[in-house]
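Chains as they are written, first to last, in the numbering used here: chain Z, 62 to 436; chain A, 10 to 248.
Ideal Cβ positions, reconstructed from N, Cα and C, are used throughout, including at glycine.
1. Alpha carbon to alpha carbon, what distance is there between residue 38 of chain A and residue 152 of chain A?
2. What is the DSSP secondary structure of residue 426 of chain Z, reduced to helix, strand or coil?
3. What residues in the stretch 54–65 of chain A have a beta carbon less than 8 Å from any beta carbon of chain Z?
4. What ranges does the alpha helix (DSSP H) occupy inside the stretch 68–131 of chain A, keeping only unbroken runs of at least 4 residues that lie completely in it?
5. Using beta-carbon positions only, say whether residue 132 of chain A and residue 212 of chain A come within less than 7 Å of one another.
6. Any beta carbon from chain Z within less than 7 Å of residue 190 of chain A's own beta carbon?
7. Would a C-beta distance cut-off of 7 Å place residue 136 of chain A and residue 219 of chain A closer than the cut-off?
8. Indicate whether residue 160 of chain A and residue 208 of chain A have their beta-carbon atoms separated by less than 7 Å.
9. Have a look at residue 139 of chain A and residue 71 of chain Z and give me their C-alpha separation to the nearest angstrom.
10. My understanding is that residue 358 of chain Z touches residue 390 of chain Z, with C-beta atoms under 8 Å, so please give their C-beta distance in whole angstroms.
11. Take the Cβ of residue 395 of chain Z as the centre, count every other Cβ of all protein chains shown within 10 Å, and call the residue buried at 16 or more, exposed below.
12. Taking residue 134 of chain A as the reference, give the member of A:176, A:43, A:210 and A:97 with the closest Cα.
13. Of all the options Z:384, Z:84 and Z:415, which has the alpha carbon lying nearest to the alpha carbon of residue 407 of chain Z?
14. Step through the CB atoms of chain A and report whether any lies within less than 7 Å of the CB of residue 340 of chain Z.
15. Can you confirm whether residue 257 of chain A, when its beta carbon is compared against all beta carbons of chain Z, has any partner nearer than 7 Å?
16. Starting from the C-beta of residue 170 of chain A, find all residues in its chain whose C-beta is less than 6 Å away, skip the five residues before and the five after it, and write them out in chain order.
17. Taking the alpha carbon of residue 165 of chain A as the reference point, which residue from A:69, A:175 and A:189 has its own alpha carbon closest?
18. With a cut-off of 8 Å on the beta carbons, I'd call residue 156 of chain A and residue 186 of chain A a contact; round off their distance for me.
19. Using DSSP with H/G/I as helix, E/B as strand and the rest coil, what is residue 141 of chain Z?
20. Quick check on the DSSP output: the beta strand (DSSP E) that includes residue 102 of chain Z runs from which residue to which?
21. Taking 7 Å as the threshold (beta carbon to beta carbon), is residue 84 of chain Z in contact with chain A?
22. When you compare the CB positions of residue 200 of chain A and residue 42 of chain A, do they come within less than 7 Å of one another, or not?
23. List, in chain order, every chain A residue whose beta-carbon is nearer than 9 Å to that of residue 75 of chain Z.
24. What is the rounded straight-line gap between the Cα of residue 422 of chain Z and the Cα of residue 91 of chain Z?
25. Label residue 231 of chain A either buried or exposed according to how many other C-beta atoms from any shown protein chain fall within 10 Å of its C-beta, with 16 as the threshold for buried.
26. How would you call residue 417 of chain Z, buried or exposed, if buried means at least 16 neighbouring beta carbons within 10 angstroms?
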């Protein structure tokens with residue numbers, strides 16, 4: 062036994078020493094160097110609640126559509142634009158760039174024209190000031206203009222005033238005058254008629270025509286009128302016309318909602334950007350319930366659901382008579398509960414604690430009640 | 010610096026460092042289990058050698074016994090030695106036989122019974138030596154895993170307490186303690202598995218040897234009873 066015990070001890074010693082050296086450290090797991098990815102937690106609201114803005118503009122704290130320049134005309138307009146009527150078409154028609162390219166040429170011819178002419182300096186002063194805003198109004202559109210036009214018109218008008226006039230005449234011709242005429246939606250027939258007439262005329266007499274044209278086009282702004290007068294003095298007729306057409310195009314599309322802030326990322330329309338949260342709705346419901354004197358013991362009151370639809374002004378007061386509808390239960394119970402609900406709603410006006418910045422959301426509210434919960 | 014740290018971290022998972030990191034109870038459990046393993050293998054080696062030796066002796070004795078050699082002669086040669094197994098049974102039976110005839114046996118039945126007793130006692134004594142220490146193999150085989158598990162539970166408990174103290178649940182912090190604790194179970198299994206296997210094998214071998222001894226005893230008892238009849242009948246006839 063001693064011998065075998067010794068043998069066993071020796072064997073164990075050998076095995077343990079072998080294990081200590083060969084099994085000392087298991088191979089480490091290969092862990093790839095993975096760089097941590099920055100993760101932003103984005104609330105669902107930013108996806109589901111899109112604010113009106115410009116799709117191509119950079120992101121800003123508050124989204125806003127492209128800035129407009131005209132004074133506010135239409136109250137509660139929904140679509141951004143310089144229009145007088147709140148149209149749903151986007152403010153920039155797709156086909157415009159073609160026209161604006163052509164339109165840019167005469168505008169540049171205007172500038173060289175006053176220099177050679179011996180007419181009053183006043184005219185010159187007026188012209189640059191007013192022609193300047195035009196490109197601003199069109200904002201994105203004018204960009205294509207300078208690229209194609211500058212090579213052809215610029216060198217020619219400067220040396221001689223006369224060829225400049227000729228070019229100006231020539232340029233409007235290819236513009237395809239009827240094409241812009243089709244776009245201004247409000248006054249379709251008038252510009253079509255006027256334009257063909259105007260083109261031959263400006264060559265001979267310039268001053269009378271702009272005067273005639275401006276009354277025809279109701280859309281033209283004061284800026285446009287002044288621009289016309291300057292250009293007419295300078296004996297450049299076509300530029301006027303194109304400017305007018307361009308302005309018409311601006312007015313033709315887009316809505317009447319004005320925007321003063323710089324364009325920032327956003328959707329075309331608000332999509333539930335301001336929505337009452339559940340707790341705000343509950344608060345509103347609570348105010349009504351507090352004023353609800355519950356009539357207990359009505360037969361058939363079980364299963365009655367009361368829907369109150371009311372319009373609120375910005376102070377939270379009810380406008381007009383709230384509409385109360387009850388469904389389910391017996392006729393008698395419905396009538397009783399409807400009248401008690403109406404009383405409660407009227408008593409709780411004006412509602413408090415409604416978020417002022419979400420007035421769109423609660424200007425018209427629908428609140429549902431289950432009177433059985435109150436009993 | 011970083012390499013050194015990594016090396017230190019790697020070495021902290023080696024068996025020796027795992028053992029050194031362990032707490033006192035876990036260390037004791039591990040040492041006890043290693044001791045049990047040593048004891049198990051000592052028994053295994055001892056039993057293996059003694060069983061093979063016993064089998065060889067059985068074969069040799071049977072060869073000699075059935076070779077037609079005179080039993081008296083065989084007894085005389087064997088009686089001087091220290092015998093085991095079949096030889097011991099043969100010697101015990103022959104001794105009883107001799108004693109009975111030297112003093113003049115009266116009844117053949119009594120003589121037969123005495124010889125059988127002597128052989129039974131020798132068989133039980135011999136089987137006892139064969140089965141000796143197999144019980145400790147069984148104990149190690151059944152209790153080893155539990156002792157290891159105990160060490161693991163205690164080790165994990167202490168390592169969780171350490172984690173609670175360090176206030177970090179990083180796997181690198183948690184892993185060494187758990188690995189160290191699991192080492193106890195591993196050692197327990199290492200000790201227990203061979204113990205169970207050896208126990209089963211040696212119990213079967215001991216059973217076989219016992220059966221062989223029983224068989225030889227019956228055969229030898231039959232031979233002796235024939236001899237008794239032959240030797241006692243002339244006396245009875247003479248009377």
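Straight from the coordinates:
1. Numbered from its first residue, the second chain carries residue 152 of chain A at position 143. Numbered from its first residue, the second chain carries residue 38 of chain A at position 29. C-alpha separation (whole angstroms): 12 Å.
2. Counting from 1 along the first chain, the entry for residue 426 of chain Z is found at position 365. Of the three classes helix, strand and coil, the one that applies to residue 426 of chain Z here is strand, per DSSP.
3. So the close ones are 54, 55 and 58.
4. 80–88 and 95–112
5. One-based indexing of the second chain puts residue 132 of chain A at position 123. One-based indexing of the second chain puts residue 212 of chain A at position 203. Not in contact: residue 132 of chain A and residue 212 of chain A (Cβ atoms no closer than 7 Å).
6. Working through the second chain from its first residue, we reach residue 190 of chain A at position 181. No, because no Cβ of chain Z sits closer than 7 Å to the Cβ of residue 190 of chain A.
7. Indexing the second chain from 1 puts residue 136 of chain A at position 127. Indexing the second chain from 1 puts residue 219 of chain A at position 210. Going by C-beta atoms, residue 136 of chain A is nearer than 7 Å to residue 219 of chain A.
8. One-based indexing of the second chain puts residue 160 of chain A at position 151. One-based indexing of the second chain puts residue 208 of chain A at position 199. The Cβ atoms of residue 160 of chain A and residue 208 of chain A lie no closer than 7 Å to each other.
9. The residue labelled residue 139 of chain A in the question sits at position 130 within the second chain. The residue labelled residue 71 of chain Z in the question sits at position 10 within the first chain. Linking residue 139 of chain A to residue 71 of chain Z through their CA atoms gives a straight-line distance of about 25 Å.
10. As a first step, residue 358 of chain Z is located in the first chain; it is residue number 297 there, counting from the start. As a first step, residue 390 of chain Z is located in the first chain; it is residue number 329 there, counting from the start. The Cβ separation is near 14 Å, so there is no contact.
11. For the purposes of this step, residue 395 of chain Z is taken as residue 334 along the first chain, with counting starting at 1. Counting Cβ neighbours within 10 Å, residue 395 of chain Z comes out buried, since at least 16 surround it.
12. The residue you call residue 134 of chain A lines up with position 125 of the second chain. Selected option, being the one with the closest Cα: A:97.
13. Locating residue 407 of chain Z in the first chain gives position 346, where the first residue counts as 1. Ranking Z:384, Z:84 and Z:415 by Cα distance to residue 407 of chain Z puts Z:384 first.
14. Taking the first residue of the first chain as position 1, residue 340 of chain Z is located at position 279. Cβ-Cβ to chain A under 7 Å: no for residue 340 of chain Z.
15. Chain A is shown from 10 up to 248; residue 257 of chain A falls before or after that span and cannot be answered.
16. As a first step, residue 170 of chain A is located in the second chain; it is residue number 161 there, counting from the start. Contacts found: none.
17. As a working mapping, residue 165 of chain A is identified with position 156 in the second chain. With distances taken between Cα atoms, residue 165 of chain A lies closest to A:189.
18. Mapped onto the second chain, residue 156 of chain A falls at position 147. Mapped onto the second chain, residue 186 of chain A falls at position 177. Not a contact, Cβ separation roughly 19 Å.
19. Mapped onto the first chain, residue 141 of chain Z falls at position 80. Reduced to three states, the DSSP call for residue 141 of chain Z is strand.
20. Here residue 102 of chain Z refers to the residue found at position 41 when the first chain is read from its first residue. From DSSP, residue 102 of chain Z is part of no beta strand (DSSP E); its letter is neither H nor E.
21. Within the first chain, residue 84 of chain Z is the residue found at index 23, counting from 1. Residue 84 of chain Z counts as touching chain A.
22. Along the second chain, one-based indexing puts residue 200 of chain A at 191. Along the second chain, one-based indexing puts residue 42 of chain A at 33. Less than 7 Å separates the beta-carbon of residue 200 of chain A from that of residue 42 of chain A.
23. For the purposes of this step, residue 75 of chain Z is taken as the residue at position 14 of the first chain. Within 9 Å of the CB of residue 75 of chain Z, no CB atom of chain A is found; the nearest one sits about 12 Å away.
24. For this step, residue 422 of chain Z is matched to residue 361 along the first chain. For this step, residue 91 of chain Z is matched to residue 30 along the first chain. Roughly 56 Å between the two C-alpha positions.
25. Counting from 1 along the second chain, the entry for residue 231 of chain A is found at position 222. Label assigned to residue 231 of chain A: exposed.
26. By one-based count along the first chain, residue 417 of chain Z stands at place 356. Exposed is the call here.
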